[in-house]
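Here's the structure we're looking at; comments come further down.
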Amino acid sequence: QVEFMLLSDKSADTNPVVASYLSSKNLTMPAAGADGGSLAAVTPYKNGTFGPFQGTPTFVVITPGTGEVFYDLRGNSPEETMGLISQKISELLPAQDCFVKSYFDNPIDSVQLDVAIPGGFDTSFTASGTYSLASVPELQNAAYAITPFKNSDPLQGLSTYDLVKIASHILGIQPFQFPWQMIAADMNCSGSVTTFDIVEGRKVILGINNGFSACGGATWRFVPEPDGSPSNGSCLNFRGIKIGDLTGPYFAPDDKAYDRNRISLVYDDCRLESGQVYTLPIRSGTDINISGLQLAFDLDPNILQIRRISAPSLPGFDERSYNPALQAEEGYLPVSWVAFDSQADVKEDAPLMLLEIRALHDVLLSDILHLSTRLKAEIYDGVETPRPLGLEWRNASLDEQNIAKISPNPAKSAFYVSLESERDGAVMAQLVNAEGRTVFEKSFPVVKGPNRFQIDPAVTVGGLYVLKLDGKPSGKIVLLR
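Right, dumping it as structure tokens:
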């Protein structure tokens, strides 16, 4: 919008001489000497056409469009002269808005802008997409700082998918494509991207933290484009980055294609008895390599309680991967897991997770356990494509029991369990005492057809125990002590 030019009025100043002068002063403006036409160009400004010529330097401002001339802007000091020139330029240029956009060029709403003159005037206002400072009189003839701030829902645009992408970047599997992703991934605002950012993001997803604790209450970061020092009513353009969102809140996947790639998680429906503790296997509906997943279980905490979640097939899954506290507070339990070193290979119908649940009332499991909409249920079979998850139950005959053969029975210590399996995979075996407490639990591999494995419960109290296989009562054993 503004072009500065230097014209010499001396016949000895040729173009090379002028160019050498510019270089010595680190100036890059267009300039001309005598052999470049400068003498003819400055004649109107020296012959009195616009006013008396008082010598060099003489500063002239020419209005764009009309060509109106403002001649010999001169103050009592160099600083005052520069102020007069800057003021005149601001008056002549049409007021223009600056933008506040994402890197996808979408306007960002409800951004608080703080404008402050050091040691003096300060103000703040809310901008949505654009803003201007030209109408603020206190900012004329002054330099100031502009600081954007936005605090919105920390979960906006954040999912375990972003944590997977951070892990992939750290391991060098797939580095970030864009510089702004480094800012988005820095969820502890340390200035670098490390596994601590994954930990911080997971705490937000699981509801342990309600924001990014080290970022001063902000959920967005802003970068001036280009960087600069605003003054005299000018403003800065800003690009906003949502902390934790490596794909951008305006990234819109093909929802139809997304639904076609849906993966089902399956569990066997059963009737729960009040006071009983069960281990519920949640199985994969297909063969899949997993680099991460997130979901949340919806339940009524007055009827059902999830006491513990384990996932032997997911390396690194532990108590930090879920938040049971939200059951009583919010009625749902979120789960978030990321593979740090390698993907997990889960076979169809193999247990993906094992839920230790306690029934507080007699209830049909499918009536009380669902996936929550509070956290988008999805699984990642790479770092490119999230796939939605659905929770389905198998409507097997609930009166049918999978009776196993137990020998010897009674038993003094170890005993054997024989059963027919309809699939390859694993079976979770439990022993439950007369008080309903689980005293033994272990997963055994099985193959399709006949199977036999040994159980050594190491209990100290003799009596009648119920054998459960995958949460279903499958026989009784008397242990002698």
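All letters in the sequence shown, in the order written, are residues 2 to 482 by this note's numbering.
Yeah, the Cβ is synthetic: ideal placement off N, Cα and C, and Gly gets one too.
Everything numeric in this text was worked out from a predicted model, so none of it was measured.
One or two residues paired with Y466 in a DSSP bridge: I478
What does DSSP give as the partner residue(s) for Y333 in the beta ladder? D299
Alpha-carbon to alpha-carbon, I118 and L300: 54 Å
Can you tell me which of the three DSSP states G249 falls into? coil
Report the residue from S214, I184 and G202 whose alpha carbon sits nearest the alpha carbon of R222. I184
Quick check on S153: does DSSP put it in helix, strand or coil? coil
Per the contact definition of three or more C-beta pairs closer than 8 Å, is the region 304-312 in contact with the region 350-369? yes
Helix, strand or coil for T439, going by three-state DSSP, please let me know. strand
Using only the alpha-carbon positions, how far apart do V61 and T15 sit? 22 Å
Nonlocal neighbours in the same chain, by C-beta distance under 8 Å from A340, ignoring five residues either side: V165, A168, I291, S292, G293, L315, P316 and G317
Just reading off the alpha helix (DSSP H) that V278 is part of, what are its end residues? Per DSSP, V278 belongs to no alpha helix (DSSP H); it is in the beta strand (DSSP E), V278 to S285.
If you scan the region 115-148 from start to end, which runs of the beta strand (DSSP E) of 3 or more residues do you find wholly inside it? 123-128
Out of curiosity, what's the CA-to-CA distance linking D471 and S414? 22 Å
Quick check: I264 and P352, are their CB atoms within less than 9 Å of each other? no
Assigned secondary structure, G192 (DSSP; H/G/I helix, E/B strand, else coil): coil
I'd like the list of long-range same chain contacts for G218, defined as Cβ closer than 7 Å, with 5 residues on each side in sequence excluded. N152 and G212
Quick one: what does DSSP say K26 is sitting in, helix, strand or coil? coil
DSSP state of Q178, grouped into three classes? coil
Just list the alpha helix (DSSP H) runs in the region 66-96, keeping only unbroken ones of 4 residues or longer that don't cross its boundaries, in chain order. 79-93
Are S419 and G450 touching if we call contact CB-CB under 9 Å? no
Since V43 is in the alpha helix (DSSP H), which residue starts that stretch and which ends it? S39 to K47
Coil, strand or helix - H371 by DSSP: strand
How is the alpha helix (DSSP H) around Y162 delimited, first residue to last? T161 to I171
Determine, using beta-carbon pairs with one atom in the region 459-469 and one in the region 267-275, whether at least three such pairs fall under 8 Å. no
Which of the three DSSP states is assigned to A430 in this structure? strand
Beta strand (DSSP E) segment containing E393, residue limits: P387 to R395
Where the beta strand (DSSP E) through D346 begins and ends: A345 to V347
Would the region 120-127 count as touching the region 169-184 if we require 3 or more Cβ pairs under 8 Å? no
Between which two residues does the beta strand (DSSP E) harbouring E357 extend? P352 to A360
Residues in the same chain with beta-carbon distance under 7 Å from S12, minus the five sequence neighbours each way, listed in chain order, please. A35 and L40
Taking all protein chains shown into account, do 16 or more other C-beta atoms lie within 10 angstroms of the C-beta of P282, making it buried, or fewer, making it exposed? buried
What is the residue span of the beta strand (DSSP E) that S292 lies within? Per DSSP, S292 belongs to no beta strand (DSSP E) and is neither H nor E.
I147 beta carbon less than 9 Å from that of I289: no
Check the C-beta distance from Q141 over to N233 and give it rounded, since I have them as a contact under 8 Å. 6 Å
Taking C-alpha atoms, which residue in V467, D350, E393 and K377 lies nearest to S367? E393
Taking the alpha carbon of E331 as the reference point, which residue from S337, D342 and S373 has its own alpha carbon closest? S373
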